[in-house]
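Report on one structure; see the data block that follows.
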Amino acid sequence: AQSVTQLGSHVSVSEGALVLLRCNYSSSVPPYLFWYVQYPNQGLQLLLKYTSAATLVKGINGFEAEFKKSETSFHLTKPSAHMSDAAEYFCAVSDSSASKIIFGSGTRLSIRP
Amino acid sequence: KAGVTQTPRYLIKTRGQQVTLSCSPISGHRSVSWYQQTPGQGLQFLFEYFSETQRNKGNFPGRFSGRQFSNSRSEMNVSTLELGDSALYLCASSHEGGARTGELFFGEGSRLTVL
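Going down the list, the protein sequences come from chains Z and D.
Under the working numbering, think of the first position of the first sequence as 1, with each following residue one higher.
Under the working numbering, think of the first position of the second sequence as 1, with each following residue one higher.
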């Protein structure tokens, strides 16, 4: 069965600092991995996805993630945080045989002025 | 292109009542998934419908049911409401591949409060 673990339910960084949100996955088959963002009182929006092409995936709003099979990780990064990045971020996994995406528990990102 | 539309956005019910939530997917999307989001349990998969057929189901009791119509619109129903059913119910649509490999497009959700 597929699963994802997000390390840290809350991350706080200063504006302009590096953002690093951690995600580890478990999958018995090559996974499809996703990062979604949820702003207050809104649904989720896809930031980026990995589907076995390039291991470094670039997404919207300057975010990127690197797929590391040896570490079963798919961490999300952004070089310089902006106040508008404050939101909840979800890592998710699916596989080619499943018709559902499994979400992690989420990481709330706060940005300090 | 219009996004995923969920109605109603907010509703309050009492224990024992039943509720029906509606979801209109993006035009051309045939897959609709439903998720329950709560502070304690996070995002939990309820079920996915594709071409009017339930293709996958999560671990929820039979009180939770859904259906999909020929125009891909979907409804979910919760009967005999319990306090623990208070949550944000999110609907997501996607292309033919469904949630397997594709991108999910989420609505803004229906926030249900059970008193």
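Ideal placement from N, C-alpha and C gives every residue a C-beta, glycine not left out.
At a Cβ threshold of 8 Å, is residue i touching chain Z?
i: L11 of chain D; result: no
i: E75 of chain D; result: no
i: L112 of chain D; result: no
i: L21 of chain D; result: no
i: L115 of chain D; result: no
Measuring only between beta-carbons, confirm whether residue i sits less than 8 Å from chain D.
i: L46 of chain Z; result: yes
i: G59 of chain Z; result: no
i: F74 of chain Z; result: no
i: G8 of chain Z; result: no
i: G106 of chain Z; result: yes
Which chain D residues are close to residue i, counting only those with a beta carbon under 7 Å from its beta carbon?
i: F103 of chain Z; result: G42, L43
i: F90 of chain Z; result: L43
How is the beta strand (DSSP E) around residue i delimited, first residue to last?
i: N24 of chain Z; result: 19-26
i: F67 of chain Z; result: 64-68
i: S33 of chain D; result: 31-38
i: G42 of chain D; result: 42-50
i: R112 of chain Z; result: 107-112
i: T29 of chain Z; result: The sequence given here places Val at residue 29 of chain Z; Thr does not occur at that position. Careful: V29 of chain Z lies outside any beta strand (DSSP E) and carries neither H nor E.
i: F74 of chain Z; result: 73-78
i: I12 of chain D; result: 10-13
i: E88 of chain Z; result: 87-94
i: K100 of chain Z; result: Careful: K100 of chain Z lies outside any beta strand (DSSP E) and carries neither H nor E.
i: Y50 of chain Z; result: 44-50
i: V4 of chain Z; result: 3-7
Which same chain residues, not among the five before or five after residue i, have their C-beta less than 8 Å away from its C-beta?
i: T53 of chain D; result: Q68
i: G66 of chain D; result: W34, L46, F47, Y49, Q54, S74, E75, M76, N77
i: I26 of chain D; result: K1, A2, G3, V4, S93, F105
Which residues in chain D sit within 8 Å of residue i, going by Cβ to Cβ distance?
i: K100 of chain Z; result: S33, F45, E48, N56, G58, A99
Return the chain-ordered list of same chain residues with a C-beta closer than 7 Å to the C-beta of residue i, the five sequence neighbours on each side being excluded.
i: I12 of chain D; result: T113, L115
i: Y10 of chain D; result: R111
Who are the neighbours of residue i on chain Z, taking C-beta pairs under 7 Å?
i: E103 of chain D; result: L46, K49
Spatial neighbours of residue i within its chain, please: CB distance less than 6 Å, with the 5 preceding and 5 following residues excluded, ordered by chain position.
i: K68 of chain Z; result: none
i: V37 of chain Z; result: Q45, L47, A87, Y89
Under 8 Å between beta-carbons, which chain Z residues line up against residue i? List them in chain order, please.
i: G107 of chain D; result: G43
i: L90 of chain D; result: G43, L44
(message) Which runs of the beta strand (DSSP E) at least 3 residues long sit entirely within the region 64-110 of chain D? Give them in chain order.
(response) 64-68, 74-78, 87-94
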